[in-house]
Amino acid sequence: MSIAKTYLPKEAEEKWYSYWLENNFFKSVPDDREPYTIVIPPPNVTGVLHMGHMLNNTIQDVLIRRARMKGKNACWVPGTDHASIATEAKVVAMLKERGISKKDLTRPEFLAYAWEWKEKYGGIILEQLKKLGASCDWDRTKFTMDDNLSEAVIDTFIHLYKKGLIYRGIRMVNWDPQGKTAVSDEEVIRKEVNQKLFYIKYPVAGTSEFLTIATTRPETIMADAAICINPNDERYTHLHGKKVFIPLINREIPVILDEYVEMDFGTGCLKVTPAHDLNDYELGQKHNLQVIDILNDDGTLNDKAEILIGEDRFAARKKIAVLLEEAGQLEKVEEYKSQVGFSERTNAVIEPKLSMQWFCKMEEMAKPALDYVLNGEIKLIPEKFTNTYRHWMENVKDWCISRQLWWGQQIPAYYLPNGQYVIAKTAEEALVQAQQIDVKLTLADLTQEEDVVDTWFSSWLWPISVFDGFKDPDNADINYYYPTNDLVTAPEILFFWVARMIMAGHEFKGQVPFKNVYLTGIVRDKLGRKMSKSLGNSPDPLDLITQYGADGVRVGMLLSSPAGNDLMFDESYCLQGRNFYNKVWNAFLLVKGWKVDDTITCPNHIAMSWFESRFNQAMVEIEDNFSQYRLSEALMATYKLVWDDFCAWYLEMIKPSFVHPADGDPYQNPIDRETYSKTIAFFEDILKILHPFMPFITEELWHDELFGQRSELDCCIVAQLPANGEFNAQILADVESVKQVITQIRNIRNTKQISPKESLALSVKANSGIDYLSYKAILTKLANLNELSLVNDKLSGASNFLVLTDEFYVPLNENIDVAAEKERLEKEREYLQGFLKSVNAKLTNERFMANAKPEVIESEQKKKADADAKIKIIEDALAELAN
RNA sequence: GGGAGCUUAGCUCAGCUGGUUCAGAGCAUCUGCCUUACAAGCAGAGGGUCACUGGUUCGAACCCAGUAGCUCCCACCA
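Sequential numbering from 304 applies to the first sequence in our numbering.
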């Protein structure tokens, strides 16, 4: 290994990742151990790695690696999602570039291109995950359109259909004119948009009067079926039973009455357009109105519109405003803010459209899925999402599962010439059913439904289907790994995906799919904006890895991500991560440079037993943080243990000193065998607890000869985390005081400008019972003392300070500045007296004494005693100064 | 319109059942240091009316009520 002052991650990352792969350390097969399973939220095949994936997968990898090191059989199943709409759009775009139009292709031809595209680009994101160090069992990589997974989709469709949970019907759906498909309610993102409210005048038949309506969508007037007014609206009583003409096309429509209309919105008149608005549709049903659909699938106007045929709806909107203006039928235009739905996948404005679709009933399935969360069988982390979840599950609507696309699982419905249909897994099976209706039918008479199912109708099966739990419901994998343990995903897809997986788990396995759901925050930039490609505010994760190393980026992601909160990502966290692994690297260099001398007896027992206690104490804290999924805090506790306790204190305590002979070169003293071995053992434990966060550097160091000869398979990734050990509270407390003493002396050096090289004498009047002499080695070394003595009386003329109730005196060559010293002491006395006053107030308060817990009273009494003692010491010092 | 959550140091956040190390951490800042592991570093220091106003209590960052600001989710007002 090359020894450099700065650790270079690049060289190690490729090397160790290949090494792990070659030795199958990520691989998992069922055995006697306890399983720990995570299924990856499958990224879209169209995706490239973004910061959200970085966060998500760093968390999953930390959990997986830690479980592996706790002796569990850790299995992280990777894979990708076929993402019908997004992928089909990409493929269509690719074909367009090649001069091919989807319309000119048959379904199989198109699918051949789509698979070609998938094979070429679909694995990119998984390759990127490897750069992060993701320890997935790649042999298990699944794709939501793999044969078995697709088959599961078809089987479950049939199962639900037979149960009466899937039906077909004409409904108002969310139409994505760009994807040319229906989408589910959850796939519609509502955003507030500045719009215009057009006031349009409809001539009233048989009069010269006009009736004015307000609308944001004037291009839909050609689809109007009526004008609706509130029957209680006295302004319009005279119009009851009248008819009006639609401007520009002069089609006559009735004026109808319904209390649905708000009298105080707009003009109090509502245009009713049943084909293009959900409410209008319902109103139309109620009043038996005609449904006139004027939009093509791509959002352009069709011939039913009579005018502006072929124009896109937004172009038509502008033009129609001009036409109305010219016709004198546009009364006014107002600025108006309203909610507009956008397609989650294509970002196109959603048009409500009446169409024939397949739906999945949700209510029955939602009930048990809600119970799992409410009764704690599934824990949402953070807990606050439970409320959101409940709200959604209690108000869930039927799920539109058909998509007018080719890329996906084709719905297993087969239509007979008469329009009836049968549901069957294959055409042959369908024919058998069809022949019960009409014996003369042949295969040629059947046509399969063109539509595919919603992508989420396949991914909701993911935790089961990745283990082949449908085709082979009793196989070893599904029995061993299911239910999985933790699911780590973004809160944005709580309903899309998490809720539905829970439903599917119950419906198809009678069990929860996972026990804990860790909902990560959304990655935002420093200004709090969501990171997105369109804003251009997202750094390229791979660039970050190049710059800071995968370990640095992993640490950076976690440091900026307290559980469940959105995180304001800032590159400086990655810098902190990089600095951290560099610190570890340098600690390693220090230890590696030591020479051992077997003849020296160990002077470091106190330091070693202190660090051991400190380490064990930290282990408890880290475990506690992990158990609450506070990864960021677990990391911080580890960070402080390593940087502060191990590097800044422990290594400094035991580090052999340098000798500067009068003649000759300086040299470093050797270290004794016992300290050396123990320190290496500590270091090895530190590598273990760091490994889940920083897998590359820890693996790199693990194999250095400093830690002895290792066999090929003895590596950090599968090392077992140190068992919990005892810690000695007394020594931990004592060392805290010793550290304070050292800090105080350094402080004196700082303020008096005494060089760290100049050694000092320290006298202690120990009142607290701490045996400072037993810490002599540490004190002498870290405070650079030439003498440590216990005294019974205060030392006059020396610089002094208090730690607990112990008095410390450092004789200096200079004279004490009496005035300054007096001021310092008086200030401290004043503070202590104030403190004492508040303590006394409690202790003399009868109700406090009567109500407070005994241990609280006891602690207050101790505070009082300490403060009393300190004040007495200070007063003595002041009295002496006065002399 | 309904629901949830947040507001603590310059920044990002901890702070559990009210009292024990209740005012904390990391980063940033300031002051000294190139002290033979590390300047990607070392030593030391400063920094907060716990959003605001009331209430409950012997005692409130913590419980209650109200106010202000921010965020998210859900919802068909044209």
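Where is the CB? At the ideal position from N, CA and C, for every residue including glycine.
Each residue's CA atom was taken as its position, placing N1089 and L1063 some 6 Å apart.
For M475, same chain residues with a beta-carbon under 6 Å away, outside a window of 5 residues either side, are L581, Y584, P655, L657 in chain order. At a Cβ-Cβ threshold of 8 Å, I530 and I552 do not count as neighbours. By the neighbour-count criterion, in which 16 or more other beta carbons inside 10 Å mark a residue as buried, Q632 falls on the buried side. Taking all protein chains in view, the Cβ of L560 is crowded by 16 or more other Cβ atoms within 10 Å, so the residue is classified as buried. For G859, the enclosing alpha helix (DSSP H) begins and ends at 844-862.
Distance from the CA atom of H541 to the CA atom of L586, rounded to whole angstroms, is 22 Å.
Proximity to K330 across T444, V394, T361, L892 peaks at T444, based on C-alpha coordinates. Residue range 1088-1093 is occupied by the beta strand (DSSP E) that includes N1089. Close CB contacts of V351 within its chain, under the 8 Å cut and outside five residues either way in sequence, are with I427, I428, Q431 (chain order).
DSSP, reduced to helix, strand and coil, places L683 within a strand of the structure shown. With the rule of 3 Cβ pairs closer than 8 Å, the region 668-675 does not count as touching the region 714-729. Contact check for W763 against F413 fails: the beta carbons are separated by 8 Å or more. The count of Cβ pairs closer than 8 Å, one atom from the region 335-349 and one from the region 834-853, stays below three, leaving the stretches out of contact.
Here DSSP, grouped into helix, strand and coil, assigns L463 to helix.
For the options K981, L592, D615, the alpha carbon positioned closest to that of L598 is the one of D615.
Our two residues, D975 and T941, have alpha carbons roughly 28 Å apart in a direct line.
Between N327 and the set N1143, M354, W441, the nearest pair of CA atoms involves W441.
In its own chain, leaving out the 5 sequence neighbours on each side, no residue places its CB closer than 8 Å to the CB of E400. Take the alpha-carbon of V899 and the one of N972: they are about 9 Å apart.
With contacts defined as CB atoms closer than 8 Å, E1002 and W379 fail to qualify as a contacting pair. The residues C905, in chain order, have a CB closer than 7 Å to that of E977 in the same chain once the five nearest residues on each side in sequence are set aside. From the listed residues F662, E987, L604, the smallest Cα separation to P1025 is found for E987. Residue nearest to S321 within the set K433, V456, M448, I796 is K433 (criterion: CA-CA distance). Secondary structure of W763 (DSSP, three-state): coil. Rounded to the nearest whole angstrom, the CA to CA distance from K774 to E454 is 8 Å.
Shown here, E1029 sits in coil according to DSSP, grouped into three states, outside any helix or strand. Distances from the alpha-carbon of T649 to those of V923, D600, K406, T390 put T390 closest. For A396, the uninterrupted alpha helix (DSSP H) segment begins and ends at 387-400.
Its chain contains S916, N919, Q920 as the residues whose beta carbon lies nearer than 7 Å to that of F1030, once the 5 sequence neighbours on both sides are disregarded; these appear in chain order. Between the C-alpha atoms of G472 and V491 there is a straight-line separation of about 20 Å.
Counting every other CB atom within 10 Å of its CB across the protein chains shown gives T758 a total of 16 or more, marking it as buried.
Bounds of the alpha helix (DSSP H) holding V365 are 354-372.
Using a C-beta cut-off of 8 Å, the region 1114-1129 makes contact with the region 1176-1183, since at least three inter-stretch Cβ pairs fall below that distance. Cβ atoms of L746 and A730 come within 8 Å of each other, at about 6 Å.
Within the model, the alpha-carbon separation for N678 versus Y724 is close to 41 Å.
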